[in-house]
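In our numbering, the protein residues as written are 124 to 396.
This is the structure we're talking about:
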């Protein structure tokens, strides 16, 4: 069942990360009931509901609901099993955004050239982590100062910014490391590990004494917010991020402090001696 689900998702051109997440969720679900039921077809809807309710956050519940639904709909052929299980309402939380000083503090703590280049590209281009690690050497267009993102989320190509500072660092990195296929490769070649990048960011954030919870996606949020604060049109930001829906990009108008900087607190001047 798990292998069939993975094959189905790969044929539908789901990202490697999505396939891994769905696979992990389904394995976890099936293992929970392997001693109670002879096969997944025998697991009742109520048991599925209880399993989803046992998860510790609404985001995990939503993710697991989607994984189990795909299993029963696409592979097992029992779409009614999850049809009446409500989807958990997700908590509405604003994403973490670093200010520019915090971004630079993190970058200054990283001494490894490859690591510094990866995090620099993450912030300066706004690419997703999976997109960063899928970049090939030929995707860097130094003439037009653009990065070509091939088959990003939604299996769509797009272009985003290549900062001069990032290009300088990439050239230095390429001369030293000489990657063969991917722009950023592991020690034995091949695509660099997403887990390893997150560990780099976590360590650098701790060294830089950043109290916020920083992940690879935090740099994407920071990229978009800083672009909006600099006065860039939201439609341009949408294009650079590769958002299908403009409402997704409009989040950054709320996170941006651009419109707040001109507002004066009513306390201002009241306590002057």
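A virtual CB, placed ideally from N, CA and C, is assigned to each residue, including glycine.
field: Distance, residue 252 Cα to residue 308 Cα
entry: The count along the chain shown starts at 1 and reaches residue 308 at position 185. The count along the chain shown starts at 1 and reaches residue 252 at position 129. Taking the straight line joining both Cα atoms gives about 14 Å.
- prompt: When we look at the beta-carbon of residue 268 and count the other beta-carbons within 10 Å, is it buried (16 or more) or exposed?
  reply: In the chain shown, counting from the first residue as 1, residue 268 sits at position 145. So residue 268 counts as exposed.
- prompt: If you compare alpha carbons, which of 158, 203, 320, 354 is closest to residue 338?
  reply: Along the chain shown, read from residue 1 onward, the residue named residue 338 stands at position 215. Nearest of 158, 203, 320, 354 to residue 338, Cα basis: 320.
Collapsed DSSP secondary structure at residue 271 in the structure displayed: Residue numbering aside, residue 271 sits at position 148 when the chain shown is read from its first letter. It is a strand residue.
Three-state class that DSSP yields for residue 264 in the structure shown: Translated into the one-based positions of the chain shown, residue 264 becomes position 141. Secondary structure at residue 264: strand, using DSSP grouped into helix, strand and coil.
Reduced DSSP secondary structure (H/G/I, E/B, other) of residue 186: Here residue 186 refers to the residue found at position 63 of the chain shown. DSSP, reduced to helix, strand and coil, places residue 186 within a helical segment of the structure shown.
message: Helix, strand or coil for residue 281? Go by DSSP, reduced to three states.
response: Residue mapping note: residue 281 aligns to position 158 of the chain shown, counting from 1. Assigned with DSSP and collapsed to three states, residue 281 falls in strand.
query: Where does residue 314 fall in DSSP's three states?
result: For this step, residue 314 is matched to residue 191 along the chain shown. Looking at residue 314 - three-state DSSP - the assignment turns out to be strand.
message: In whole angstroms, give me the CA-to-CA distance for residue 142 and residue 342.
response: Position 19 of the chain shown holds residue 142. Position 219 of the chain shown holds residue 342. Each residue's alpha carbon lies about 24 Å from the other.
- request: Quick one: give me the first and last residue of the alpha helix (DSSP H) that residue 177 is part of.
  value: Residue 177 sits at position 54 when you count from the first residue of the chain shown. Annotation for residue 177: no alpha helix (DSSP H) segment contains it, and DSSP assigns it neither H nor E.
query: How about residue 292 and residue 240: do their beta carbons lie closer than 8 Å?
result: In the chain shown, the residue the question calls residue 292 occupies position 169. In the chain shown, the residue the question calls residue 240 occupies position 117. A contact, by the Cβ cut-off of 8 Å.
query: If you follow the alpha helix (DSSP H) that residue 360 is part of, which residue opens it and which one closes it?
result: Here residue 360 is taken as the residue at index 237 of the chain shown, counted from 1. Its alpha helix (DSSP H) spans residues 357-364.
query: Mind checking residue 283: buried by the 16 CB within 10 Å criterion, or exposed?
result: Working through the chain shown from its first residue, we reach residue 283 at position 160. Around the C-beta of residue 283, 16 or more other C-beta atoms lie within 10 Å, and the residue is accordingly described as buried.
- request: Pull up the distance between the alpha-carbon of residue 130 and that of residue 313, whole angstroms please.
  value: For this step, residue 130 is matched to residue 7 along the chain shown. For this step, residue 313 is matched to residue 190 along the chain shown. Whole-angstrom Cα-Cα distance: 22 Å.
field: Presumed contact (8 Å Cβ cut-off) between residue 196 and residue 171, rounded CB distance
entry: Here residue 196 corresponds to residue number 73 of the chain shown, with the count starting at 1. Here residue 171 corresponds to residue number 48 of the chain shown, with the count starting at 1. Contact flag wrong, Cβ pair sits at about 13 Å.
message: Quick check on the burial criterion: 16 or more other C-beta atoms within 10 angstroms. Buried or exposed for residue 212?
response: In the chain shown, residue 212 corresponds to position 89, counting from 1. In summary, residue 212 is exposed, with fewer than 16 beta-carbon neighbours lying within 10 Å of its beta-carbon over all protein chains present.
query: If we ignore side chains and look at the alpha-carbon of each, how far apart do residue 281 and residue 369 end up?
result: The residue you call residue 281 lines up with position 158 of the chain shown. The residue you call residue 369 lines up with position 246 of the chain shown. Distance between the alpha carbons of residue 281 and residue 369 is about 16 Å.
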